[in-house]
Structures are given as C-alpha cells and as structure tokens.
Amino acid sequence: MKSNKLFALLSMVVIAAMALTACGAPATTAAPAATQPPAAATAAPAATAVPEQPTAVPEPKTITIGFQQEPTALYPKCSNMTFAVWVGQLTNPGLWTWDGNNQPIMELAESMPNTADGSISADGLTYTYKLKPGLKWNDGEPLTSADIKFTWETIMDPANTCIVDRLGFELIESIETPDDVTAVVKFTEFYAPWNNLFAMSGNSGTGLLPQHILEGQILDNNDFLRQPITAGAYYVESWVQGDLITLQANDNYVRGRPKIDTIFIKMVPSREALLAALQTGDVDLGPDFVEASIPDLENTPGVSAIAITGSSFEHYLFNLDQDPAVGFCPFQDVRVRKAMILGIDRYTTADTLLFGKTRVVSNLWPNTPVENTDLEPYPFDPDQAKALLDEAGYTDTDGDGIREGECNGETVTLSFTHQTTTPNQLRADVQALAAQNLLDIGIELIPDNKSPDILFAGFAGDGPLATGNFVLAGYTTSFIPDPDPLGSFDCNQIPTTESPDGANWYRMCFPELDAMMAEQKSIADPAARAEIFKDAQQFMYDNALFIPMYARLNVLGVGSRLTGLQGSAFGDVYWNVYDWDVNP
Amino acid sequence: MTTYILRRLIQGIFILMIITTVSFGLTRMASDPMAQYTLGRISSEDRARIRKNLGLDQPIPVQYFKWLSLAVRGDFGYSITNRQPVSELIMQRLPQTLVLMVTAEVVIIILSALLGIYSAVKQYSLFDNVLTGLSFVGFSLPIFFIALTLMFIFAVQFKEWGLPYLPTGADVWKFTDLSELVTHLILPVASLAIIQVAGYTRYLRSSMLEVLSQDYIRTARAKGLIERAVVVRHALRNAALPLVTLIGLDAPALLAGAIVTETVYSWPGMGRLFWQQAGRGDYPTVMAILLIVATAVVVFQILTDIAYTVVDPRIRLS
Numbered sequence: 003m004k005s006n007k008l009f010a011l012l013s014m015v016v017i018a019a020m021a022l023t024a025c026g027a028p029a030t031t032a033a034p035a036a037t038q039p040p041a042a043a044t045a046a047p048a049a050t051a052v053p054e055q056p057t058a059v060p061e062p063k064t065i066t067i068g069f070q071q072e073p074t075a076l077y078p079k080c081s082n083m084t085f086a087v088w089v090g091q092l093t094n095p096g097l098w099t100w101d102g103n104n105q106p107i108m109e110l111a112e113s114m115p116n117t118a119d120g121s122i123s124a125d126g127l128t129y130t131y132k133l134k135p136g137l138k139w140n141d142g143e144p145l146t147s148a149d150i151k152f153t154w155e156t157i158m159d160p161a162n163t164c165i166v167d168r169l170g171f172e173l174i175e176s177i178e179t180p181d182d183v184t185a186v187v188k189f190t191e192f193y194a195p196w197n198n199l200f201a202m203s204g205n206s207g208t209g210l211l212p213q214h215i216l217e218g219q220i221l222d223n224n225d226f227l228r229q230p231i232t233a234g235a236y237y238v239e240s241w242v243q244g245d246l247i248t249l250q251a252n253d254n255y256v257r258g259r260p261k262i263d264t265i266f267i268k269m270v271p272s273r274e275a276l277l278a279a280l281q282t283g284d285v286d287l288g289p290d291f292v293e294a295s296i297p298d299l300e301n302t303p304g305v306s307a308i309a310i311t312g313s314s315f316e317h318y319l320f321n322l323d324q325d326p327a328v329g330f331c332p333f334q335d336v337r338v339r340k341a342m343i344l345g346i347d348r349y350t351t352a353d354t355l356l357f358g359k360t361r362v363v364s365n366l367w368p369n370t371p372v373e374n375t376d377l378e379p380y381p382f383d384p385d386q387a388k389a390l391l392d393e394a395g396y397t398d399t400d401g402d403g404i405r406e407g408e409c410n411g412e413t414v415t416l417s418f419t420h421q422t423t424t425p426n427q428l429r430a431d432v433q434a435l436a437a438q439n440l441l442d443i444g445i446e447l448i449p450d451n452k453s454p455d456i457l458f459a460g461f462a463g464d465g466p467l468a469t470g471n472f473v474l475a476g477y478t479t480s481f482i483p484d485p486d487p488l489g490s491f492d493c494n495q496i497p498t499t500e501s502p503d504g505a506n507w508y509r510m511c512f513p514e515l516d517a518m519m520a521e522q523k524s525i526a527d528p529a530a531r532a533e534i535f536k537d538a539q540q541f542m543y544d545n546a547l548f549i550p551m552y553a554r555l556n557v558l559g560v561g562s563r564l565t566g567l568q569g570s571a572f573g574d575v576y577w578n579v580y581d582w583d584v585n586p
Numbered sequence: 011m012t013t014y015i016l017r018r019l020i021q022g023i024f025i026l027m028i029i030t031t032v033s034f035g036l037t038r039m040a041s042d043p044m045a046q047y048t049l050g051r052i053s054s055e056d057r058a059r060i061r062k063n064l065g066l067d068q069p070i071p072v073q074y075f076k077w078l079s080l081a082v083r084g085d086f087g088y089s090i091t092n093r094q095p096v097s098e099l100i101m102q103r104l105p106q107t108l109v110l111m112v113t114a115e116v117v118i119i120i121l122s123a124l125l126g127i128y129s130a131v132k133q134y135s136l137f138d139n140v141l142t143g144l145s146f147v148g149f150s151l152p153i154f155f156i157a158l159t160l161m162f163i164f165a166v167q168f169k170e171w172g173l174p175y176l177p178t179g180a181d182v183w184k185f186t187d188l189s190e191l192v193t194h195l196i197l198p199v200a201s202l203a204i205i206q207v208a209g210y211t212r213y214l215r216s217s218m219l220e221v222l223s224q225d226y227i228r229t230a231r232a233k234g235l236i237e238r239a240v241v242v243r244h245a246l247r248n249a250a251l252p253l254v255t256l257i258g259l260d261a262p263a264l265l266a267g268a269i270v271t272e273t274v275y276s277w278p279g280m281g282r283l284f285w286q287q288a289g290r291g292d293y294p295t296v297m298a299i300l301l302i303v304a305t306a307v308v309v310f311q312i313l314t315d316i317a318y319t320v321v322d323p324r325i326r327l328s
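Top to bottom, those sequences are chains A and B.
If you want the numbering used here, it's the position in the first sequence, counting the first as 1, plus 2.
If you want the numbering used here, it's the position in the second sequence, counting the first as 1, plus 10.
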C-alpha cells in the first residue's frame, strides 16, 4: 500500500534523526581532562545522584547558573561578551581581580607592583610582577612567569585575529623573566591603567595563557577557545555549544579546592523560563536579570533578588556636533542643555520605575573610586528650566505648546527624536516619563527606538550613534575598572569617514576636557589621577554635557540553595566563587 | 518525469541564486557585525583592526561574491563571532532540531488525521463543534503564550502541588538519555502541536467533507462496504492530497527549527542558533542556515509534486 510507503519514509526520517543525534552528541562533548579525580569528573546533578553509601562518599555539591546568552568563546580576550568574561572569572582570573568593594584582590600574583618597594620603577615604565610560588595549571603543569610573557606575545600576534582588544598590551616593549616567579614588564610609554592588564574584572579581562599548550599554535578556531587550560577556581570540563558548559573544581587552584564541586552553566535564553527554573530549583543563579525583573523575582517563592547599585550608568546624550547639519543647534547653548536636565524628573524614575533601589547620578563614574561625590545631581525644577529656556530665547510663539527660537540664523522648534534600544520596557517607561516632563516645559520628545544591533552599528554600518544621525539618544555604559574613557570625549575621536572607528559619539569638542583627559593618562599616583577625574566631572557638570539618569542595578536572581554570593558595583559576581556553598 | 525533475532542479538553482543575493543584502543591512564592538573597552585602533580582519572594510558586493565563491563549493566559512567553522555550529544543532521537529510533525499529522476524519464523519456533532471551537482558539494563540503557560502549569505548578511534573528545559540533562529526552520533548512538542493541529484539522475536515459527499462514496456504501472501509480506503485516500501539500511546505521547517519554542524550552536547536547569530551580525552562519532552508524548500516542493503522483494516480508530471 502507498500509505505504508509514506509511513516507512517517515520512520526512516525519524531513525535518521536519532542516528544523527547518536553520532552528534559525543562529538560535541569534550573528554574530561586526564588529571582529574574520577569522583569529580563523573559528577552528576544533585537532583539525580543517588549515593549508595551516603556516609562514605559525600554527594558532590553542584549548582546551575543560567546564562541568557552563550559566550562566543571561553577565553574572554577572544570574545567581547560579558558572559565570556564571567566564565573567565570562574576559570581564569589572572594575576588579580576586584573584590566586593572594588579593591584589587590577589589571585596568582604575590602582590601588586608598587612604588614603595621599587617594583614600579621611578619613571613609571618598568613593572616587576611576582607570582605566588608553586602555581599550577589545571592540567598539573607548572605556571611560571614565562606564561605571562607568552600571553602578551599571543595577544600581540597578528595571526590571532580573534583577539578583541589589545589595550595597553601594544604599549609593552618587552617582558623579561629572570626566574620562574618574576616577570619584568617594560612599557614604551606610561600607561595609567597598567593594572588592568593580565587581570580580570567584571566587564573585561585577560587570563593567562599556558605556553606548554599553545606554543606554536594560533588561537582562531583553536579547541582552546572551547576547552581552555586555566588556573582559576574551576576548569572547563566540557562545553556542549548551545546548551551547557560544565565546570569542575580545580584541585590545583591557588586558594585550594573550592567548596562547590561542579558548576553547570546552562543556556536559558528566555528570561521567563529562567525565572520558572529558579522557582523549580533547576537553576540556582540567574546573573543577568534587569531592573524590571525585580518585582517578579521578589514575588517568586524560593527566589531572592540581589540588586547592587552598579558603576554602569544610564545616560541621555546630546548630539553636540558644532556643524548644524550634523548636530542640533539649540544644544550648543548650555542653558538649553541645563533646562533639559532640570526638566526631567529623574527622582521619580529612580523611586518608582527603579523601586527606590538606585540613585540619580551627577556624573559618569558612579560608585567608583574617582567619583566626584561633591556634585549634587541637578534637582527636578521645571520652573527654573522654563526660565532658562526663556532666557535662551526659546518661547512658544505659535501657541502649540512647543517652544521655538532662533539658532544660527534659523528658526528652530524644540521638537526632536530620542533614540534608545528596543525591546526594553524600563527604557520605554523612563522615556515616556521624560517626554511628559519635557512637554510640560515646552519641549517635544519623539521616541524613535531601535534594536541594539541597529542603534550601536558602526560608522560603516550606518549606525545612528556612530554617524551622528541622532539628536538625543540614551544608553548604558561604564568606565571601569579603570576610569579612562578611552577617548570618548576627545575632539579627534569624533567618527568621520576618514576615521570611522572614533569613540566620541557625543561629538563634543572641548579643548579643556581634552587636556584633562590627556593629563590623567600620564599620572601614576591614583589619588592625583582621581583629582583630575573629579575636575573633569565638575567641568561636565557645569557645562551640562549630558543627562546622567541613574546608576544601573546589577540584578541577580538567586535560588534558596546558594550561599556566599556577594557581587560588586563593578559587576564582579564571581570574584569570591571559592567561598560559595550550597545549603544542605 | 526525468525531464520534468531536471527542469525543476535547474529552475531551483536560479531561485537559490536570487534568494542568496537578496538575503545577503538584507542580512548585511539588518545588523552590523561591528555593533557589538562599538561599546565597551575597545579602542578605535582595535575597532579598525577587527573590521579589517573580518573583511568588513570591503564593499558589500565584494563580500557577497567572496562568500558565494566558497558557498558553491559547500564551504560556509567561519563564524565571525565564534571563529569556528559554520558547518560545525550547524551540525551541533541539526540533530536536536530534527528530533524536536520530526517528533512534533509526526504527532501533528497523526492527531490532525484522527481528529479531522472523526470531525468530518461526525459533522455537526458535539465533538465536531467543540473541536471547531478549540481549533480557532489554538490557531489564534501566540506560541510563546502557549509554551510559557504549559511550562507554568506542568513544570512549575505541578511541582509545587507535589504532582509528577515535567522539566522546564532549563535543567541539566543529557540528550543521549532516552527517558530524559522523552520527558523533555513533551512540553515543546505539545506547544508546537497545539498550534499546528488546530490548522491541519480544519484542512483535513473540509477536504474529507468534500470527498464524503461525492458519488463514488455513495456507490461504495451502496456496495455494502462497512463504514470504516469507506472512510479509510476510499475517502481518506483522496482527501489526503491537501495534507501532502501542507507537509511538503512544512518539511523545510524541520531543518529550520522553531525559534520561540526552542527559546522558551532552552532547546539547543537551529532556530535559536539562527536568531542568536542574526542578532550578533554573524552573516556567514545566518546565510548558511538560510541557504540550507531555501534548498530544502526547493527540494521538498519537487518531492511534493512527485508525491502527488503516488497519492493520486490521476496526476502525471510531464
């Protein structure tokens, strides 16, 4: 019968699919490293493990972390994703990392180079790094200063095209290794953020690379990117791409074996599903929730929300280009800019839309050591805002509720678009509130939101921010762990056809600010450097160069089993992972 | 018939050429691979180096022909985000997607055949009316709503109530373990089935009704054949033709996966890979998946036409 043939055909497809599965799955699961004890290598999830002799063999402690996005590689220098940095913090933190108070905390290094003991030379160009003695990679091979040198060479090798950034590494002239624990790093010129190199923070980092594994190899498409050999609290046992990263406790870790034996990192792309999984106990930690999730997390039984006021900030930026064809002419007037800051009720935003868990900020370095805490955020004062707009010559002449005025010889209406990312409920709500506030003082804000990959597209990709094709925009960024804004305010960094990769999306050009930014890069003393940053913040504040909205919250959803998690303003969720434990 | 198939294949190649040109243009315009490098701790020098390394400093037509010259040789190149062969990324996801989609398709066909036939035979019965009502409900609901609701009831609440519960998919499990695979398939397959069965049942019901009212069915009944034989042997055979078309149209989706269902149930399939890499501007991966699916569309349409001749001997291809 013909229908039998159809059925047979269908069955064959199913069988073929099953066969493909059988062939496919083992190939994607990497074998555990040879040196690991069998108990750890075969660790099963707690829920399904049934120990035969509970008194003799303690059940392995496991937790599951739900990642909403999958890293593109497990060596953070070859991926610019925060999720890759987080795997880096768990597996390969480098010489030091930053603790819950944003202070450096030593990992592989004995101490941080300093001027007091001469480990930083008087000219600030030579740094002597000291490793702790007897360090080992997770495969048991010794970790020496040669690996520091090898890491630098690998990052600078043009063949490794996967390397995302070489910040600072390109300024290293040479690295000498007089013995196994000493590396003498010589710079060609002074580099203020030197302590960001070979270290791991919450948003960027460089773990060391093992010379004995990678000597003579290139990183692109190297298995090392999927299963690196590392020296952190955990090591990568396997990565089933699209699904699961399995981390095992590293017996060779410098602080000793961590308390939790196995960490599963499960890819859970849906935030709703992640919340359900936290509730059922399938997942113990969701590290990437957003502010809008706080009520859901707090209302879910067995789940708690940790909201840490971060150093990332949401800000609205003016297009300050002096060319009226590119910039918005009225924004050249400081009174208009100040009126807009005074006219938006940022306090209600923080208190209601952000549940009172964060604060309005006055500057772009909130909750960092260089923040100028003397600066009070501008108040919400619509009357003063209206007075400033009147003074600047913008009044409602035609009675439509929107102000008009003369700018550069032409009549300009204070009606313009505001571009931020979509879909993002919080941003949309804040935007709606701001639009209402501004309308009350005679300014019309028209939402024109775009998906992040369009809004943040590069100059060649016609990105509105990169090309200056915007009037007012809004997004989040941060200048951590080092405060250097990487040219974000420099005149020569305004993106143009000739230099499309410039970082100054504000399109501002203030020689005073340029001078301050150049000076901070040349100062070694952190306190003196912080003073310059505070002066720069004062300048930005007085000139109302942007609208700082609020400090972003790092929102973690934590299940009832996990203990010891602290987090930090810099977003270093995993800095003390060796102290984490699970409730019995 | 051979000439027919050859002609269709040659047409198919032209169609694929047009599809690749259009989708390359759209993919490259829709998202800029550099978007992910514009914020954060990256200097302008590094951005320039990355752009050059990825070949993004060249005009888009040049990028297209470079891609095409490799693709025609079956080389999909390297993912620009993961720096690993695109074929590797796809082969990791293909088995998972096939298992989910083929299981769902089988369930959908069996269920809608049973319900559609029963509904037609018992036209205007209580069952038929209820089913018709439910079909419209199922057809109108968005898939994310169905998927999340099923998860909330059968995974979250059932566990809370102390009943046997199903997994959320966000738990750690092994694809190779058959019993785990089955329990993890139930909810995503049910989500996909609710929507599809609703539609298919309507098609099959109406085509069964049409066939059942024809003269030869009356003749068959008059011969004294039992009702089951009339329905299954005589009516279904002819009524199944529209279903073959539908399955033929659906078949490429077996490879493409289901973006929403895979996302909600953390299913590591092709739909999610496509969605994720599209958002990251990874055009080599996006183009490879589009090309595979487009090829499947062309091939399955030819196969559908051939299947017509099998199901309905009156149809001759020439």
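In this text, a Cβ means the ideal position worked out from N, Cα and C, and glycines have one as well.
This structure is a prediction, so every number in the text was calculated from the model and none was measured.
Assignment of Tyr-552(A) by DSSP, reduced to helix, strand and coil, places it in the strand class. Among the residues facing chain A, Pro-278(B) is included, as its CB has a counterpart in that chain under 8 Å away.
DSSP links Glu-239(A) through a beta bridge to no other residue.
Bridge pairing for Thr-64(A): Thr-264(A) [DSSP]. Taking 3 residues as the minimum length, the beta strand (DSSP E) runs contained wholly in the stretch 355-423 of chain A are 406-409, 412-415, 417-421, in order along the chain.
A distance below 7 Å between beta-carbons, with the five flanking residues on each side excluded, links Ala-130(B) to the following residues of its chain, in chain order: Arg-215, Met-218, Leu-219, Leu-222. The contact set of Phe-330(A) on chain B, defined by CB atoms closer than 9 Å, is empty, because the minimum CB distance reaches about 21 Å. Residues Pro-449 of the same chain have their beta carbon placed closer than 8 Å to that of Ala-434(A), with the five preceding and five following residues left out of the count.
Approximately 5 Å separates the beta-carbon atoms of Tyr-236(A) and Leu-92(A); this is inside 8 Å, confirming the contact. Annotated three-state conformation of Pro-144(A) is strand, per DSSP. Under the criterion of beta carbons closer than 8 Å, Met-518(A) and Ile-496(A) do not qualify as touching, at roughly 17 Å.
The beta carbons of Lys-268(A) and Gly-68(A) sit closer together than 8 Å. For Pro-105(B), there is no enclosing beta strand (DSSP E); the residue is found in the alpha helix (DSSP H) stretching over 96-131. Residue range 293-321 is occupied by the alpha helix (DSSP H) that includes Ala-317(B).
The C-beta of Pro-43(B) has 16 or more other C-beta atoms within 10 Å across all chains shown, which makes the residue buried.
Residue contact with chain B for Asn-223(A): present (Cβ-Cβ distance below 8 Å to some residue of chain B).
According to DSSP, residue pairing for Met-83(A) in a beta bridge does not occur. Annotation: Thr-48(B) is outside any alpha helix (DSSP H) and is labelled neither H nor E by DSSP.
Of the candidates Val-242(A), Leu-137(A), Ala-538(A), Asp-125(A), Asp-125(A) places its Cα closest to the Cα of Lys-188(A). For Cys-511(A), the closest Cβ of chain B is not nearer than 8 Å.
Exposed is the label assigned to Ala-520(A), since fewer than 16 other Cβ atoms lie within 10 Å of its Cβ. If you draw a straight line from the Cα of Leu-191(B) to the Cα of Leu-104(B), it comes to about 16 Å.
The beta-bridge partner set that DSSP reports for Ser-113(A) consists of Lys-132(A).
Distance between Ile-107(A) and Trp-100(A), taken at the CA atoms: about 6 Å.
At least one C-beta of chain A is nearer than 8 Å to the C-beta of Lys-169(B). Per DSSP, Ile-448(A) lies in no alpha helix (DSSP H) segment; the continuous beta strand (DSSP E) that holds it begins and ends at 446-449.
Contact between the stretch 406-423 of chain A and the stretch 374-384 of chain A is not established, with fewer than three Cβ pairs separated by less than 8 Å. Neighbours of Val-557(A) in chain B, taken as residues at a C-beta separation under 8 Å, are lacking, since the least C-beta distance is about 18 Å. The beta carbon of Ala-341(A) sits closer than 6 Å to those of Ala-387, Leu-390, Leu-391, all from its chain and outside the five residues before and after it, given in chain order.
The shortest C-alpha to C-alpha distance from Arg-554(A) to any of Lys-452(A), Val-362(A), Gln-213(A) is the one to Val-362(A).
Cβ neighbours of Leu-216(A) within its own chain (closer than 8 Å, five residues either side excluded): Phe-152, Thr-156, Asn-224, Phe-226. For Asn-82(A), the closest Cβ of chain B is nearer than 8 Å. At a cut-off of 8 Å, the C-beta of Phe-162(B) has a neighbouring C-beta in chain A. Residues of the stretch 448-466 of chain A that bring their beta carbon within less than 9 Å of a beta carbon in chain B comprise Ser-453, Pro-454, Asp-455, Ile-456, Leu-457, Phe-458, Ala-459, Gly-460, Phe-461, Ala-462, Gly-463, Asp-464, Gly-465, in sequence order. A direct Cα-Cα distance of roughly 39 Å separates Ile-122(A) from Ile-247(A). The C-beta distance from Ala-571(A) to Gly-312(A) rounds to 5 Å, short enough to meet the 8 Å contact threshold.
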